[in-house]
Amino acid sequence: MGAAASGRWGVAGDLWGGISAAALILPQAMAFGIALWLPVHGDSAAAALAGLLTAALLSAASGLARATCGMVSAPTGPTLVLLSGLVAGLQAHGLSGDALTQAMLFTLAMAGLLQLIVGALGLGAIIKFMPYPVVSGFMTGTGILMVLSQEKALLPSAQAIGWLPLATAGVTLAAMHWLPRYVRGVPATVLGLVAGTLFFHLVRLLAGWEVRPSWVVGSLPPLQIEGPAVPSWQQVWQMPWTMMALSAAALALLASLDTLLTAVIADVATGCRHDARRELMAQGAGHLCAALIGGMAGAGTTGATLVAIESGGRRWCALVTALSIMVVVLLLAPLAAWLPVSVFSGIIIHVSLFGMLDGEIIEWLKRRSARLDAAIALVVVAVTIYYDLLAAVAVGVVLAVVEFLRTQVGRSAIHRRWGLGERSSLRNRPRAEREAIARLADHAAGYDLQGALFFGSADSLYGAISSAPERFVILSLRRVSQVDLTALHMIGQIAGLLRGRGGALLISHAGGRMELARCKGRQHAGVVPFHAGEPIATFAQTEDAIEHVENLLLQEEGITPSHHQARCAVREAALFSGLSDKQFARVVPLLTHRRAAAGTYLFRCGDPGDALCVVLAGEVEVLLPYRKKKRMRLAVCGPGMAVGEAAFLHPGPRTADLKAISDVEWVELAHGDLLALADAHPRLAMTLVTRLASELGARLAAADAMLRRLAA
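Our numbering puts the first residue of the sequence shown at 202, with every later residue one more than the last.
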């Protein structure tokens, strides 16, 4: 955690934040405990204690892990609904009494163990990728179920005192909704608890009713060291382990998702960064401890976390919250005898209506672009209500996958399409070759691909290429993160299509992680299977692929690329080829012949220089140094091409490196010799400068086109 975790708030902030969060959690934890365990064993006091102890254990475990700054944990609505559904399922299976309790606690322990495993393996990041519409559907469906679960506790037929439970819950609900506007600094759950309790006892006194044990929670039982009874092996064998295992997996998923979402909210409020791995392991340990003492499930709670943070809680507030809850359990247990059960029904209903129902689903339905998201959320809501939360979790995961696929399919795999008229290779070519390539530019095109190239996007790529007229296609995979087997097969089909047109498919930036090519220096050995048994040409850089296509187009025109020549005579070099014999004879004495081995730097950026280099044999590359020892290739020059024009025309530091790719031979013409030539033969000097300027102008035009393409 960052400095914000231990900054200006200090111990005082942790104390106030922890106590404030405890005040908010206490009524809610008791309410959730009663809602889960009262139908199981009929003891409301023990049920309320289970909720309180769970809140203390989860907050203590999270606080000790110090994985999320300011986060407080307690029983939550989604985990309550899932466990309530499990209770119904186990009862339908024939379990009751201690056997039912033991099966519930075994499920809770398995969920805690799964959370520990998920945290240890670092899978928390995957859980956070659950789409928001699915999460919204979970929460909304869970909220509706929580409201419906209070029917038996509130309807007049369920109580001998008729309308009082319903009225008490209504007063509690109204107090939680309205009183915070006038009473600042007191949590809504505390206000609702006090108002509902006062209303209940005032009406009871006026009506002259005696307090019955079923009306109130009752004094909390003393803490006991021993946990629930240990079942026999026969009882364990007869438990519905399939149902329990599925419920444990769903519970671990829901609790982890709820916790990580709360952790993100805590990060935003505090400026810290949570550790998902440690947090999930802490939550799993907390659930294991809760199973041992007969507790329930829970997760990070957004409301209590924000209250704690706003009150100054940071590093230790979760531990303070746990200690505060234990102080209430140990010292104020008798006060629970005055708390009506119906008050906690009102608290549950308020939490459900105002904390879990997502009204944005209705707004999504009004917007055409968001209607599919609304449909996904409503499907999850329907499955949650009419089937069970376990099935909703499964449906939610499936819908999450479908949503991902929909997004990926809807996103084009083509980032940009370009032609040879927009982009050329780094090879410096004579004018005749450049003009020929310009005439044939419509025969080739390139596609910069992006994202994941898989079965959903590969078909659209095939459709785009098949409908275009080009015979040569370059696929740049620089922005591609993944290529699946379907896409590989589709690439083979594209290669076959282009071969049928008399062209070819070329691939650049085919990284070894995609199993498309093996890297070998700047060259790639193609390993993509071709439908006719021939490999697809792959290249490390897109410029290399472009150069290969340019060479193929030139060969189709009967032009041998100049760099394919082993050697170029001085007379045939582009700079001197247009001179008359008399003019050339005057230039030859000014030229200096030089040789260098492969890998040698002819000059480096910053070196003083004034000579023009004309390559006669071999190849050189122009490199621009950047970022310490890194270099960017700007151009490649073969036999007959000139390089070093900038320092030749304006002597001074070299603007780039010039390195021999292979053994190279060249001639040099110095700036001083050009000036001497200009004095003796000005027309000849003007011819050389004009030819050089024309070459530089062509390169500048190509660079301008490249900049325009990048800016588009």
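Heads up, the beta-carbon is just placed ideally off N, CA and C, and yes, glycines get one too. Only a predicted model underlies this, so the values are computations on that prediction, with no experimental measurement involved.
Asked                                                                                                                                                                          : Found
Residues in the same chain with beta-carbon distance under 8 Å from ALA733, minus the five sequence neighbours each way, listed in chain order, please.                        : Per-residue confidence for ALA733 stands at a pLDDT of 44, beneath the threshold of 50, marking its modelled position as unreliable; no derived number is given.
Helix, strand or coil for GLY501? Go by DSSP, reduced to three states.                                                                                                         : strand
Taking only the alpha-carbon atoms, compute the straight-line gap between GLY278 and ALA614 and give it to the nearest angstrom.                                               : 41 Å
Tell me whether LYS860 is buried or exposed, calling it buried when 16 or more other Cβ atoms sit within 10 Å of its Cβ.                                                       : buried
Rounding to the nearest angstrom, what Cα-Cα distance links ARG898 and PRO790 in this structure?                                                                               : It is Gly, not Arg, that sits at residue 898 in the sequence shown. Each residue's Cα considered, the two are about 28 Å apart.
Kindly identify the DSSP beta-bridge partner or partners of ASN629.                                                                                                            : CYS838
Have a look at GLN435 and TYR383 and give me their C-alpha separation to the nearest angstrom.                                                                                 : 59 Å
I need the DSSP call for THR761, collapsed to helix, strand or coil.                                                                                                           : coil
Taking the alpha-carbon of ARG680 as reference, which of ALA653, GLY290, GLY703 and LEU686 has the nearest alpha-carbon?                                                       : ALA653
Does the segment 317 to 334 come close enough to the segment 246 to 259 that 3 or more CB-CB pairs lie under 8 Å?                                                              : no
Which residue spans inside the segment 792 to 828 form an unbroken alpha helix (DSSP H) run of at least 4?                                                                     : none
What's the gap between the Cα of LEU573 and the Cα of PHE605?                                                                                                                  : 13 Å
For LEU878, which residues from the same chain have a beta carbon less than 8 Å from its beta carbon, with the 5 sequence-adjacent residues on both sides left out?            : ARG787, VAL788, LEU791, LEU885, ALA886 and LEU889
Once the 5 residues before and after TRP914 are set aside, which same chain residues still bring their CB inside 6 Å of it?                                                    : Only positions 202 to 913 of the chain appear in the structure, and residue 914 is not among them; the question remains open.
Taking Cβ positions, are ASN629 and ALA836 nearer each other than 8 Å?                                                                                                         : yes
Taking the CB atoms as reference points, tell me whether ALA249 and GLY234 lie closer together than 8 Å.                                                                       : yes
Using the Cα positions of LEU600 and HIS294, report the straight-line distance between them to the nearest angstrom.                                                           : 30 Å
Using a Cβ distance threshold of 8 Å, determine whether the segment 260 to 273 contacts the segment 506 to 516, with at least three qualifying pairs required.                 : yes
Do the CB positions of ALA642 and GLY622 come within less than 8 Å of each other?                                                                                              : yes
In terms of residue numbering, what span does the beta strand (DSSP E) encompassing ARG653 cover?                                                                              : Checking the displayed sequence, the identity of residue 653 turns out to be Ala instead of Arg. Element bounds for ALA653: 645 to 654.
For LEU392, I'd like the list of residues in its chain whose CB is within less than 8 Å of its CB, leaving aside the five on either flank, ordered along the chain.            : ALA376, MET377, LEU380, PRO381 and VAL384
From which residue to which residue does the alpha helix (DSSP H) around VAL544 run?                                                                                           : 542 to 556
Per DSSP, which one or two residues make a beta bridge with VAL844?                                                                                                            : CYS814
What do you reckon, are the CB atoms on THR801 and VAL868 nearer than 8 Å?                                                                                                     : no
From what residue to what residue does the alpha helix (DSSP H) around LEU284 run?                                                                                             : 278 to 293
For LEU216, I'd like the list of residues in its chain whose CB is within less than 7 Å of its CB, leaving aside the five on either flank, ordered along the chain.            : VAL521
If I follow the unbroken beta strand (DSSP E) through THR739, where does it start and stop?                                                                                    : 738 to 740
Run the CB neighbour count on ILE466, radius 10 Å, all protein chains shown included, and call it buried at 16 or more, exposed below.                                         : buried
Pick helix, strand or coil for ILE494, following the three-state DSSP scheme.                                                                                                  : coil
Cα separation between ALA477 and ALA456?                                                                                                                                       : 13 Å
Can you find the residues in the same chain that come closer than 7 Å, C-beta to C-beta, to SER525, ignoring five residues on each side of it along the sequence?              : GLY219, ILE220 and ALA223
Give me, in chain order, the residues of the same chain whose beta-carbon lies closer than 8 Å to that of VAL288; leave out the 5 immediate sequence neighbours on both sides. : LEU237, PRO240, VAL241, LEU301 and MET305
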